[in-house]
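Right, one structure below, let's go through it.
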Amino acid sequence: VNVKDERFSALFSSHHFNIDPTDSHYHETKGMEAFRAEKLYRRQCSMNDIPNGLPAKIQKMDTVSGRDPELSLLVKAVKRKTQSLHKGGR
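Residues 482 to 571, numbered by the numbering used here, are exactly what the sequence shown covers, in order.
See the structure below:
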């Protein structure tokens with residue numbers, strides 16, 4: 482799969498085309514791995530091009546603690562969801 486082809490640009494820029502490995506129709510192939518790697522590469526390049534890509538509060542917090550900003554956001558999201566599940570009684 483030629484991931485540099487501009488016809489596939491929407492796959493990398495739109496959230497509507499995110500790849501979900503937990504989906505039952507997902508199959509790990511060389512093409513899917515190429516798409517995942519290219520999307521990650523483009524995301525990292527765009528974050529490096531825009532130094533203010535993250536809100537200032539998150540940047541300050543992560544530079545002080547030395548943690549990965551995406552990991553911090555993921556941890557916060559998981560904590561928030563688990564708290565809402567415990568409060569909701571689901």
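The C-beta atom is built at its ideal place from N, Cα and C for all residues, glycine as well.
Determine the extent of the alpha helix (DSSP H) in which residue i is found, giving its start and end residues.
i      : result
Val559 : Pro550 to Gly569
Ser494 : Ser490 to Ser494
When every heavy atom of the ligand NAP is checked, does at least one fall within less than 8 angstroms of the C-beta of residue i?
i      : result
Arg561 : The ligand NAP is absent from the structure shown, which contains no ligand whatsoever.
Which whole-angstrom value is the C-beta distance of residue i and residue j, which I expect to be below 8 angstroms?
i      : j      : result
Glu519 : Val556 : Wrong, their Cβ atoms sit about 26 angstroms apart, outside the cutoff.
Taking 9 angstroms as the threshold (C-beta atoms), are residue j and residue i in contact?
i      : j      : result
Phe489 : Ile500 : no
Ser494 : Arg523 : yes
Val559 : Gly512 : no
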